[in-house]
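Enquirer: My questions all concern the structure below.
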Amino acid sequence: MIGADRLRGESGSAVVDFVMTSALLMFVFLAVLQLGLALHVRNTLISCAAEGARYGARDGATPEQGAGRARELISGSLSSRFAGGVSASVQTTAADVRVLVVDVTAPIPLVGPIGPSESLEVSGRAFMEDQ
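Pasting the structure below:
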């Protein structure tokens, strides 16, 4: 009867194992979900910055119009709190080609949509069409 005493000492351990495994799996699931959210925000900001740069680089458009378009797209696709740090500038490359650069600085979501401000910096570029 040594086996029966041994089994009685481990009674209830399946419940503990289930709880610990479930907690670990929940943590891994939430971490992957949060990573997906952060990547979604980053990719959306890159897309909006590039579209704003293309809009502002058109013949007859201004860099401010490109920054405004990027702000509008970011506010429509994510939230207006991500559209606060949008700026546009014209840079010249080594081959004397003018390029419109739209820079976006936004908070990266660390806990749900909440995160530290000005921690994610992306940019979009487009050749100026009036050259």
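UniProt numbering puts the last residue of the sequence shown at 131; the count rises by one with no breaks. Beta carbons: idealized from backbone N, C-alpha and C, even for Gly.
With distances taken between CB atoms, is the gap from Y55 to R71 smaller than 8 Å?
Expert: What you label residue 55 is simply residue 55 of the sequence shown in a count that begins at 1. What you label residue 71 is simply residue 71 of the sequence shown in a count that begins at 1. For Y55 and R71, no; Cβs fall outside 8 Å.
Enquirer: For the pair the segment 59–66 and the segment 11–29, tell me if three or more CB-CB distances fall below 8 Å.
Expert: The segment 59–66 is not in contact with the segment 11–29.
Enquirer: In chain order, what residues of the same chain lie with their CB nearer than 6 Å to the CB of Q131, ignoring the 5 residues before and after it?
Expert: Translated into the one-based positions of the sequence shown, residue 131 becomes position 131. The residues are R98.
Enquirer: Once DSSP output is grouped into helix, strand and coil, what is the label at Q91?
Expert: Here residue 91 refers to the residue found at position 91 when the sequence shown is read from its first residue. Q91: strand per DSSP, three-state reduction.
Enquirer: For E121, list the residues DSSP reports as bridge partners.
Expert: As a working note, residue 121 is residue 121 in the sequence shown. Bridge partners of E121: T105.
Enquirer: What three-state label does DSSP hand A57 in the structure shown?
Expert: Within the sequence shown, the letter at position 57 stands for residue 57. In the structure shown, A57 sits in coil (DSSP, three-state: anything other than H, G, I, E or B).
Enquirer: Considering only C-alpha positions, which residue in the set P113, A126, L30 and V28 is nearest to F82?
Expert: By one-based count along the sequence shown, residue 82 stands at place 82. With distances taken between Cα atoms, F82 lies closest to P113.
Enquirer: From V90 to Q65, what distance separates their C-alpha atoms?
Expert: Counting from one through the sequence shown, the residue named residue 90 turns up at place 90. Counting from one through the sequence shown, the residue named residue 65 turns up at place 65. Going from the Cα of V90 to the Cα of Q65 covers about 13 Å.
Enquirer: Return the Cβ separation of T105 and E129 in integer angstroms, given the expectation that the two are a contact with Cβ distance under 8 Å.
Expert: Within the sequence shown, residue 105 is the residue found at index 105, counting from 1. Within the sequence shown, residue 129 is the residue found at index 129, counting from 1. The Cβ separation is near 26 Å, so there is no contact.
Enquirer: Please classify V111 as buried or exposed, where buried requires at least 16 neighbouring CB atoms within 10 angstroms.
Expert: Against the sequence shown, residue 111 aligns to sequence position 111. With fewer than 16 other Cβ atoms within 10 Å, it is exposed.
Enquirer: Can you grab the Cα-Cα spacing for the pair I46 / S123, in whole Å?
Expert: Residue 46 sits at position 46 when you count from the first residue of the sequence shown. Residue 123 sits at position 123 when you count from the first residue of the sequence shown. Answer to the nearest angstrom: the Cα atoms are 6 Å apart.
Enquirer: Assign A126 to one of three DSSP states: helix, strand, or coil.
Expert: Along the sequence shown, one-based indexing puts residue 126 at 126. A126 falls in the strand class under three-state DSSP.
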